[in-house]
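S.K.: Before I ask anything, here is the structure I am working with.
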Ligand SMILES: NC(=O)c1ccc[n+]([C@@H]2O[C@H](COP(=O)([O-])OP(=O)(O)OC[C@H]3O[C@@H](n4cnc5c(N)ncnc54)[C@H](O)[C@@H]3O)[C@@H](O)[C@H]2O)c1
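Numbering (my numbering), first residue to last: 40 to 354.
Next up, the structure:
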């Protein structure tokens, strides 16, 4: 199969590209390098530097005629979406629609698209969250992902394109950007390697242990994308572990792996920080044949080893 992967120079989709090539498929990346890196892209993959909202995307499809499109490219920051909802909508809504239009025009058989298991459900009272939960986005980013999901229903119904949506929990692993405000594992790895005690953002509501998250390893996430090539049509799946980990717990495990002895610092929660996120991903077990296999300790070991070897990022 020829698979066109948007955002393939980014953290998660670069692993999807690796998995695609490893399986013997042909991979073509579309990425504008706004946050991704050219050296994240597998050397055997094709590469087009172009934004998904660019009308020139049509020529890429004309040239490549992919069988499957895997859509990861996005404005992926909640805080950017709050500061600039127009930018967020231009990329995540209009860019996605431009992409789906090319899929319809050039006979793409299947679209696998990435949504957010943290942000489309918004403020929830009951955990873990299943796919049955209604949409209650509290940010422009969550709202643009919901819009993308609804557009996909249209493209499936109107053009008969196979569609699978994957809603990710908190993904971590090699190649995650340690310079942003999100991506706590990468940020902690960088701090530890520089001999600095990282800061845990905590609040009275969550106790001293910090927010609760569902951390899923990027290798497992790449495998979920692979399983979705042939399965899960017309469905959305949570991609998480169902294991609740506090930020303090994360730090304890990571500092143990790294042999780092300093105590963390503590700070106040930042505006917009979600207190708790925990997904139940059993539907992906039955619908995609996918279950995560990497324990937090093993994943953190791999991730820390990566940052030791690649302090500046890259492959
Ligand atoms: N990291 C997580 O924990 C997480 C959780 C839920 C959902 N997601 C989603 O997963 C996807 C990948 O996220 P990531 O963490 O790897 O982020 P990332 O920033 O590393 O990757 C995004 C990639 O998309 C590219 N891109 C951005 N805007 C583009 C545009 N207009 N046209 C073409 N390319 C563009 C960037 O250059 C980058 O390579 C995103 O859709 C994100 O919303 C991520």
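We treat Cβ as the ideally placed atom computed from N, Cα and C, and that holds for glycine. Note that the structure is predicted; figures quoted are calculated from it, not measured.
#1: Decide if residue 187 is buried, meaning its Cβ has at least 16 other Cβ atoms within 10 Å, or exposed.
#2: State yes or no: is the C-beta of residue 267 within less than 8 Å of the C-beta of residue 327?
#3: Could you check whether the Cβ of residue 183 sits closer than 7 Å to any heavy atom belonging to ligand 1?
#4: If you pair each beta-carbon of the region 91-111 with each one of the region 141-157, do three or more pairs fall below 8 Å?
#5: Name the residue from 331, 319, 338 whose alpha carbon lies nearest to the alpha carbon of residue 11.
#6: Distance, Cα to Cα, residue 225 vs residue 299?
#7: Which of the three DSSP states, helix, strand or coil, is assigned to residue 175?
#8: Throw me the rounded Cβ distance for the residue 114 and residue 126 pair, which I believe falls under 8 Å.
#9: Evaluate contact between the region 200-213 and the region 269-278, counting only Cβ atoms and requiring at least three cross-stretch pairs below 8 Å.
#10: Inspect the beta-carbon positions of residue 237 and residue 290 and report whether they are closer than 8 Å.
#11: Taking the C-alpha atoms as reference points, what is the distance between residue 43 and residue 277?
#12: At 3 residues or longer, and completely inside the region 40-89: list those beta strand (DSSP E) runs for me, N to C.
#13: My output table needs one value for residue 98: the three-state DSSP class, helix, strand or coil.
#14: Measure from the alpha carbon of residue 95 to the alpha carbon of each residue in 138, 61, 153, 295, then state which is nearest.
#15: Would you mind reading off the limits of the alpha helix (DSSP H) that contains residue 324?
#16: Nearest-angstrom Cα distance between residue 241 and residue 223?
#17: Can you tell me which of the three DSSP states residue 188 falls into?
#18: Taking only runs of the alpha helix (DSSP H) that begin and end inside the region 118-182, which ones reach a length of at least 4 residues, in chain order?
#19: Taking the alpha-carbon positions, what's the residue 314 to residue 251 distance?
#20: Given a threshold of 16 other Cβ atoms within 10 Å of its Cβ, counted over all protein chains shown, does residue 199 qualify as buried or as exposed?
#21: In angstroms with no decimal places, state the Cα-to-Cα distance between residue 68 and residue 211.
#22: Would a C-beta distance cut-off of 8 Å place residue 176 and residue 161 closer than the cut-off?
#23: Tell me which residues share the same chain as residue 317 and place their Cβ nearer than 6 Å to its Cβ, disregarding the 5 neighbours each side in the sequence.
#24: When we look at the beta-carbon of residue 215 and count the other beta-carbons within 10 Å, is it buried (16 or more) or exposed?
#25: Under 7 Å Cβ to Cβ from residue 92, same chain only, skipping five residues before and after it: list those, please.
#26: What are the boundary residues of the alpha helix (DSSP H) that residue 294 is part of?
#27: Might you give, ordered along the chain, the residues of its own chain that have their beta carbon closer than 8 Å to the beta carbon of residue 56, omitting 5 neighbours on each side?
#28: Would a C-beta distance cut-off of 8 Å place residue 54 and residue 258 closer than the cut-off?
#29: Can you tell me whether DSSP reads residue 258 as helix, strand or coil?
#30: Would you check whether ligand 1 has a heavy atom nearer than 7 Å to the C-beta of residue 178?
#31: From what residue to what residue does the alpha helix (DSSP H) around residue 339 run?
#32: At a threshold of 7 Å, does residue 50 count as lining ligand 1 (C-beta to nearest heavy atom)?
M.R.: The answer reads as follows:
#1: If you number the chain shown from 1, residue 187 lands on position 148. When all chains shown are included, residue 187 counts as buried.
#2: Sequence index remark: in the chain shown, residue 267 carries index 228 (1-based). Sequence index remark: in the chain shown, residue 327 carries index 288 (1-based). Result yes, Cβ atoms of residue 267 and residue 327 sit closer than 8 Å.
#3: In the chain shown, residue 183 corresponds to position 144, counting from 1. Flag unset: Cβ of residue 183 not near ligand 1.
#4: yes
#5: Coverage of the chain is limited to positions 40 through 354, which leaves residue 11 absent and any answer about it impossible.
#6: Numbered from 1 along the chain shown, position 186 holds the residue referred to as residue 225. Numbered from 1 along the chain shown, position 260 holds the residue referred to as residue 299. In a straight line, the C-alpha of residue 225 is about 15 Å away from that of residue 299.
#7: Here residue 175 refers to the residue found at position 136 of the chain shown. DSSP places residue 175 in coil when its eight states are reduced to three.
#8: Position 75 of the chain shown holds residue 114. Position 87 of the chain shown holds residue 126. Indeed, because the Cβ distance is near 6 Å, the residues count as touching under 8 Å.
#9: yes
#10: For the purposes of this step, residue 237 is taken as the residue at position 198 of the chain shown. For the purposes of this step, residue 290 is taken as the residue at position 251 of the chain shown. A contact, by the Cβ cut-off of 8 Å.
#11: If you number the chain shown from 1, residue 43 lands on position 4. If you number the chain shown from 1, residue 277 lands on position 238. Taking the straight line from one Cα to the other gives about 22 Å.
#12: 41-45, 65-70, 85-88
#13: Indexing the chain shown from 1 puts residue 98 at position 59. Helix.
#14: Counting from 1 along the chain shown, the entry for residue 95 is found at position 56. With distances taken between Cα atoms, residue 95 lies closest to 138.
#15: Residue mapping note: residue 324 aligns to position 285 of the chain shown, counting from 1. Residue 324 -> alpha helix (DSSP H) spans 321-327.
#16: Taking the chain shown and counting its residues from 1, the one referred to as residue 241 is at position 202. Taking the chain shown and counting its residues from 1, the one referred to as residue 223 is at position 184. Their backbone Cα atoms lie some 13 Å apart in a straight line.
#17: Indexing the chain shown from 1 puts residue 188 at position 149. Reduced to three states, the DSSP call for residue 188 is helix.
#18: 124-128, 135-144
#19: Locating residue 314 in the chain shown gives position 275, where the first residue counts as 1. Locating residue 251 in the chain shown gives position 212, where the first residue counts as 1. Rounded to the nearest angstrom, the two C-alpha atoms are 6 Å apart.
#20: Along the chain shown, one-based indexing puts residue 199 at 160. Answer is exposed; the Cβ neighbour count stays below 16.
#21: Along the chain shown, one-based indexing puts residue 68 at 29. Along the chain shown, one-based indexing puts residue 211 at 172. The straight-line gap from Cα to Cα measures roughly 21 Å.
#22: Counting from one through the chain shown, the residue named residue 176 turns up at place 137. Counting from one through the chain shown, the residue named residue 161 turns up at place 122. Taking 8 Å as the Cβ cut-off, residue 176 and residue 161 qualify as a contacting pair.
#23: On the chain shown, residue 317 is found 278 positions in, with the first residue counted as 1. Excluding positions up to five away in sequence, the list reads 166, 167, 253, 283.
#24: Against the chain shown, residue 215 aligns to sequence position 176. Buried, because 16 or more other Cβ atoms sit within 10 Å of the Cβ of residue 215.
#25: For the purposes of this step, residue 92 is taken as the residue at position 53 of the chain shown. The answer, listed in chain order, is 129, 130, 133, 134, 137.
#26: The sequence position of residue 294 within the chain shown is 255, counting from 1. Where residue 294 is concerned, the enclosing alpha helix (DSSP H) stretches over 286-297.
#27: As a first step, residue 56 is located in the chain shown; it is residue number 17 there, counting from the start. Contacts found: 44, 47, 66, 68, 80, 81, 84.
#28: The residue labelled residue 54 in the question sits at position 15 within the chain shown. The residue labelled residue 258 in the question sits at position 219 within the chain shown. Yes, these two residues count as a Cβ contact at 8 Å.
#29: As a working note, residue 258 is residue 219 in the chain shown. Looking at residue 258 - three-state DSSP - the assignment turns out to be helix.
#30: Taking the chain shown and counting its residues from 1, one reaches residue 178 at position 139. Residue 178 Cβ: outside cutoff for every heavy atom of ligand 1.
#31: Within the chain shown, residue 339 is the residue found at index 300, counting from 1. That run of the alpha helix (DSSP H) goes 335-348.
#32: In the chain shown, the residue the question calls residue 50 occupies position 11. Yes, Cβ of residue 50 sits closer than 7 Å to a heavy atom of ligand 1.
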